[in-house]
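Working notes for the structure below.
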């Protein structure tokens, strides 16, 4: 549940309860005040009537209006108690019950006991209370609507720095070049959040770059000692007096050194792709590149008696870095040749939407999905570094191409889809 | 033939010098920027091997200096950074070739030979070895004046052998020379290739110049 929704729900619930309780309290309070006012009027009437009786020694003419009535009735004993009450009286003229506030008290006129009921209509009072209630309810309604709108729009606006920061964090990519951009805000909490996010991403980027440049520098630094070892071995192997055993040892050191240097070069390449050092993109004619590489390895293909089936459309153009395009195609073609069998086959298909290369070979033991990971390789061919396909994957990822590997009995198929929407 | 090696790693420059001495080259070594500038100003070299990262300055500045003084020395950049930018910068500034570390000495040797051929004979260079003649301009090989039909890779292989004659060339160096980095480590191919070339040479001239040296590689020598 959204914080906003939760807060809104709680807020509205509390507001309704408080407003209803205060409306009820308000109703009774207003009613009590108004009745108190009526009672004071009735007391004044009583005083007037008693003064009149004292002076005139007789009862005045009883009034009988809709809003004010006086009723005298003869009684025998003085047991009547003076009291206020609310009563309903049927009014024949208006054919309705009208509620009155009544004060009954005993009066002695010329030795005779009378019970006097002085009534005042409560209708006006009730009208007033109703009006007040209506206004109050309308206010409650307006308040609720205002609260709702405020919460919906104003709070959304208030939270917008938070949402913007959240989006930036979601989009944040360590290997990306874009810095995090945080919306300016004058709310302290968000300021603090932005500050923390900014410091954190800066530190993460800094550490990441440090590690990246360390990897690159270390790899480069390794190249020179490797060059020295290689050249010394080459010189050493020129010796005329070397025995076969010594030569074999040199050969094995030499091959290992070569492997180490290839490994290092592949790692440098991966780091460079990661570091976006191949940023210059252009329209690359893949058809030409595929043809060129197939021609370059013509003899190798012939040596293994491999049949190549080409299904290459002309002038297939893809926007990417030319060097990377070259590495990508070369990697896949050499893979297809290296892992092929004698009298095997290679099928190359290139069109506007995809490139796929399939080759015959021995059955695979490794999990196909893992082959794109670094240093994952099928155990059969231990000469391969296990970096070829991860370079392919890295290049494809850089340009948003979809790369997949399938194998069908002894046929291995690598497919690259240039536009993942297809 | 005079070669200048501008390289700060003593061990590497000495190895290069030792390998090149076998080719009757006179090698000089400059281990920092100032020495390199001094030597290039005083003498002319047939070929300069230039490391980009040297103490005291940038190797590319030496190249600029050379070109500003209209020096005709051939230049091969040898760099630990296999970076495209360095390569493009170097070649635009007038370097003749670019080789990234670590490299095979035989590869370096073949490239130096190619540059010297280009510089000294304007490309009209015929390499003669025993009864074998390679015209590097027209890429025609003749054995006892009879033209030898070779595929492109066989020609490249023969030229590589002749440039490194009497030297042991490792299988890896051959694979890399012919097919680049991606194909190294696969030696079955080389075996077939060498076999074909050897057969063609023997059929034409009855001489077997290519010798296999244990498991390590091949040597191209007169019988």
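Residue numbers (the numbering used here), protein chains in the order written: chain H, 100 to 521; chain P, 412 to 634. In this text, a Cβ means the ideal position worked out from N, Cα and C, and glycines have one as well.
Collapsing the DSSP output to three states places residue 282(H) in coil. Between the C-alpha atoms of residue 319(H) and residue 418(P) there is a straight-line separation of about 16 angstroms. The three-state reading of DSSP puts residue 364(H) in helix, counting H, G and I together. Taking 8 angstroms as the threshold, the shortest C-beta distance from residue 608(P) to chain H does not fall below it. Among the residues of the stretch 543-577 of chain P, those with a Cβ less than 8 angstroms away from any Cβ of chain H are 562, 564, in the order of the chain. Residues of the stretch 417-445 of chain P whose Cβ lies closer than 7 angstroms to any Cβ of chain H, in chain order: 420, 422, 423, 426, 427, 429, 430. Judged by beta-carbon spacing, residue 490(P) lies within the 8 angstroms limit of residue 512(P), meaning their Cβ atoms are closer than that value.
Along the stretch 318-338 of chain H, going in chain order, the ones with a CB nearer than 7 angstroms to a CB of chain P are 319, 322, 323, 325, 326, 327, 329, 330, 331, 333, 334, 336, 337. Look at the stretch 396-451 of chain H and you find these whole runs of beta strand (DSSP E), each 3 residues long or longer: 406-411, 416-419, 444-449. DSSP places residue 501(H) within a strand segment (E or B) once states are collapsed to three. Each residue's CA atom was taken as its position, placing residue 427(P) and residue 520(P) some 9 angstroms apart.
Here residue 570(P) is buried. Its C-beta has 16 or more other C-beta atoms within 10 Å. Look at the beta carbons and you see the stretch 197-211 of chain H touching the stretch 179-189 of chain H: at least three pairs across the two are nearer than 8 angstroms. Within the stretch 597-634 of chain P, the runs of beta strand (DSSP E) that reach at least 3 residues and sit entirely inside it are, in chain order, 621-624, 628-631. DSSP places residue 246(H) inside the alpha helix (DSSP H), whose first and last residues are 222-248. Setting aside the 5 residues that flank it on each side, residue 621(P) is surrounded in the same chain by 572, 605, 608, 609, 612, 629, 630, 631, each with a C-beta closer than 8 angstroms to its C-beta; the list follows chain order. A Cβ of chain P is located within less than 8 angstroms of the beta carbon of residue 402(H).
The distance from the Cβ of residue 508(P) to that of residue 482(P) is about 16 angstroms, inconsistent with a contact at the 8 angstroms cut-off.
According to the DSSP assignment, residue 199(H) belongs to the beta strand (DSSP E) that extends over 195-208. At a beta-carbon threshold of 7 angstroms, the residues of chain H lying near residue 603(P) are 402, ordered along the chain. For residue 548(P), the closest C-alpha among the options 564(P), 541(P), 528(P) is that of 528(P). At a C-beta separation below 9 angstroms, residue 581(P) has these neighbours in chain H: 332, 333, 336, 350, 353, 354, 357. Of all residues in the stretch 380-411 of chain H, the ones placed with a Cβ closer than 7 angstroms to any Cβ belonging to chain P are 395, 396, 398, 399, 402, in chain order. Chain order gives no chain H residues near residue 631(P), where near means a beta carbon separation below 9 angstroms; the closest approach is about 13 angstroms.
Residue range 508-511 is occupied by the beta strand (DSSP E) that includes residue 509(P). Here residue 421(H) is actually not in contact with residue 389(H); their C-beta atoms are around 14 angstroms apart, not less than 8 angstroms. In the three-state DSSP reduction, residue 578(P) falls in the coil class, being neither helix nor strand. In terms of beta-carbon proximity, residue 422(H) lines the interface with chain P, with at least one pair separated by less than 8 angstroms. Secondary structure at residue 212(H): strand, using DSSP grouped into helix, strand and coil. Shortest Cα-Cα distance from residue 217(H) to any of 106(H), 405(H), 455(H), 141(H) involves 141(H). Annotation: the continuous beta strand (DSSP E) that includes residue 384(H) extends over 381-384.
With respect to chain H, the C-beta atom of residue 515(P) has a partner C-beta closer than 8 angstroms. Residue 524(P) has a beta carbon lying at 8 angstroms or more from every beta carbon in chain H. The Cβ of residue 626(P) sits closer than 8 angstroms to at least one Cβ of chain H.
By alpha-carbon distance to residue 581(P), the top candidate from 530(P), 516(P), 560(P) is 516(P). Residue contact with chain P for residue 458(H): absent (no Cβ-Cβ distance below 8 angstroms to any residue of chain P).
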